[in-house]
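J.: Plus 35 on top of the position in the sequence shown (first one is 1) and you've got this note's numbering.
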Amino acid sequence: MTVLDSVVRSDDVTDHLTSVISAVHRRSPGEAVFHQAVDEVLTALAPVLERHPEYIDARILERLCEPERQVLFRVPWVDDRGDVQVNRGYRVEFNSALGPFKGGLRFHPTVDLGVIRFLGFEQIFKNALTGQAIGAGKGGSDFDPSGRSDGEVMRFCQSFVTELYRHLGEHTDVPAGDIGVGVRELGFMFGQYKRIVNRFEAGVLTGKGVGWSGSHARTEATGYGAVIFLREMLATRGLSLDGRRAVVSGSGNVAIYAIEKAQELGATVVGCSDSSGYVVDDAGIDVALLKEIKEVRRERLSTYVAQRSSARYVTVGSVFDIPCDVVLPSATQNELGADHAATLIRNGVIAVSEGANMPCTAAAVAAFRDAGLLFAPGKAANAGGVATSALEMQQNAARTSWTWHETQDRLDEIMRGIHGHIRDTAATYTSDPDDYVSGAAIGGFTRVADAMLAQGVV
Numbered sequence: 036m037t038v039l040d041s042v043v044r045s046d047d048v049t050d051h052l053t054s055v056i057s058a059v060h061r062r063s064p065g066e067a068v069f070h071q072a073v074d075e076v077l078t079a080l081a082p083v084l085e086r087h088p089e090y091i092d093a094r095i096l097e098r099l100c101e102p103e104r105q106v107l108f109r110v111p112w113v114d115d116r117g118d119v120q121v122n123r124g125y126r127v128e129f130n131s132a133l134g135p136f137k138g139g140l141r142f143h144p145t146v147d148l149g150v151i152r153f154l155g156f157e158q159i160f161k162n163a164l165t166g167q168a169i170g171a172g173k174g175g176s177d178f179d180p181s182g183r184s185d186g187e188v189m190r191f192c193q194s195f196v197t198e199l200y201r202h203l204g205e206h207t208d209v210p211a212g213d214i215g216v217g218v219r220e221l222g223f224m225f226g227q228y229k230r231i232v233n234r235f236e237a238g239v240l241t242g243k244g245v246g247w248s249g250s251h252a253r254t255e256a257t258g259y260g261a262v263i264f265l266r267e268m269l270a271t272r273g274l275s276l277d278g279r280r281a282v283v284s285g286s287g288n289v290a291i292y293a294i295e296k297a298q299e300l301g302a303t304v305v306g307c308s309d310s311s312g313y314v315v316d317d318a319g320i321d322v323a324l325l326k327e328i329k330e331v332r333r334e335r336l337s338t339y340v341a342q343r344s345s346a347r348y349v350t351v352g353s354v355f356d357i358p359c360d361v362v363l364p365s366a367t368q369n370e371l372g373a374d375h376a377a378t379l380i381r382n383g384v385i386a387v388s389e390g391a392n393m394p395c396t397a398a399a400v401a402a403f404r405d406a407g408l409l410f411a412p413g414k415a416a417n418a419g420g421v422a423t424s425a426l427e428m429q430q431n432a433a434r435t436s437w438t439w440h441e442t443q444d445r446l447d448e449i450m451r452g453i454h455g456h457i458r459d460t461a462a463t464y465t466s467d468p469d470d471y472v473s474g475a476a477i478g479g480f481t482r483v484a485d486a487m488l489a490q491g492v493v
């Protein structure tokens, strides 16, 4: 069974999609998550290609699936023992039709070219959905900052930027943070960039500290945005988050602020997780304690239960085993599989909003859609982070700073706009406004494709 077996369209459209998908798999062997991301988007595009054959004639899909530039480089650095370490660095500049390349840097042992290409491809549609003038890119390294001293992290970041700086610029490529890259890492990278180029080019990185040209609400934006999108989805069925039991996977930046926002809107978040297990806290996750453990002390999630009598830490099963009404998978790609989806559906979940990038497998997404629950793909639900990064770029360009409330109100407005655009697009092309998967793919694609048509074959 091919990825197009469920798509009943004209022979020309089906043949074109099959050809492009096959070419991507053939030309990028071994990059399973990249293939998964491409398959998910392209199989949703049949309705728009039926109405707009000019996209086929201009080979938009072929160009969209091939990055404009890929940079692979070594990152040598010296650890605290004086030993030389060598990591790999990556930057994939995927598409600049709508603006400068924009997307985060991920530092994690699992990073390889396929992961970065998957993230960069997803970024194309996510960034387009925000309606802001930003293209798409992604980067990172297989460096693991966990357990490293500040000095080691600084030396790695300085070496990383010493190579990458030549590809960056506020009008060229603007990285931000991702897994393993927070304000600390961005500070070290920004300092080295400034040292090399001899100018304070504030707009070259986003996610900076508020005291040095960063934006209020950027730290919170991805998690907050995923919850705002969830709120909007529930509202279409006359529902709200008030009184709901929620589960948020992960315990990093996205998860922490998804928990905070969900509880602000009346939900009780009863579980979160890390790579070793998960916490169950029926009284509701204590966000202040979670921030202290993960952001200040940088400790494992298991230490949470030592200071919280209502909580227990579980090392068998999954956080998705906890009965709940809504779920925000916010850790990493493909963390929620078909078995998890079946458990959640059986336990009565009504909505899923992806805080991470593609955290649900294709089989899990299919199960959720077949069950008729509300499902928001990450390219829509977690767009709040990059949207607020673009707001940071806007503030940097004007040499000004907005208040917390101004920025948060703008984030809320952008997420509501993304939600409305996706539902309108889904209604237009699939006759089902609840088809957020198709609406997000088509809604992002058409904005980029039209810009690519206007700019010629480049």
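The beta-carbon is built from N, C-alpha and C at its ideal position, and this holds for glycine as well.
It should be emphasised that the depicted structure is a prediction, and the values quoted were computed from it without experimental measurement.
Straight-line CA distance for Asn233 to Val400?
T.: 48 Å
J.: Which of the three DSSP states, helix, strand or coil, is assigned to Gln490?
T.: coil
J.: Take Leu221 and list the residues in its own chain whose beta-carbon comes closer than 7 Å to its own, dropping the five residues that flank it on each side.
T.: Gly212, Leu240, Gly242, Lys243
J.: Just tell me which of Ala318, Ser131, Tyr200 has its CA closest to the CA of Val304.
T.: Ala318
J.: Keeping to the same chain, check which residues put their C-beta closer than 7 Å to that of Gln430; ignore five residues upstream and five downstream.
T.: Ser250, Ser436, Trp437
J.: If I follow the unbroken beta strand (DSSP E) through Phe223, where does it start and stop?
T.: Going by DSSP, Phe223 is part of no beta strand (DSSP E) but of the alpha helix (DSSP H) stretching over 218-232.
J.: Which term fits Trp439, buried or exposed, when burial requires 16 or more other beta carbons within 10 angstroms of its beta carbon?
T.: It is exposed - the Cβ of Trp439 has fewer than 16 other Cβ atoms within 10 Å.
J.: Ignoring anything shorter than 4 residues, give me the alpha helix (DSSP H) runs that lie fully in the region 146-217, in order along the chain.
T.: With a minimum length of 4 residues, the continuous alpha helix (DSSP H) runs that stay inside the region 146-217 are 148-164, 185-199.
J.: Rounded to whole angstroms, how far is the Cβ of Ile457 from the Cβ of Ala432, which I believe are closer than 8 Å?
T.: Incorrect: roughly 28 Å between the Cβ atoms, too far for contact.
J.: Go ahead and pull the three-state DSSP assignment for Leu39.
T.: Caution applies to Leu39, whose pLDDT of 47 falls short of 50 and renders its modelled position unreliable; the value that the coordinates give is listed next. Here Leu39 sits in coil by DSSP.
J.: May I ask you to report which of helix, strand or coil DSSP gives Asn122?
T.: strand
J.: Give the list of continuous beta strand (DSSP E) stretches no shorter than 3 residues that lie fully inside the region 256-318.
T.: 280-284, 303-309, 312-316
J.: Under 8 Å by Cβ, that's how I've got Thr465 and Val83 pegged, so tell me the actual separation to the nearest angstrom.
T.: With 8 Å as the limit, Thr465 and Val83 do not qualify as a contact, their Cβ atoms being about 10 Å apart.
J.: What separation, rounded to the nearest whole angstrom, lies between the Cα atoms of Val384 and Gly452?
T.: 25 Å
J.: Return the first residue and the last residue of the beta strand (DSSP E) that Lys137 is part of.
T.: 136-142
J.: Quick one: Cα of Asp46 to Cα of Gly478, how far?
T.: 23 Å
J.: Which of helix, strand or coil does DSSP assign to Arg333?
T.: DSSP places Arg333 in the coil class of the three-state scheme, outside both helix and strand.
J.: Determine the DSSP secondary structure at Leu240, reduced to helix, strand or coil.
T.: The answer is coil: DSSP assigns Leu240 none of H, G, I, E or B.
J.: Express the C-alpha separation of Ser344 and Ala486 in angstroms, rounding to a whole number.
T.: 55 Å
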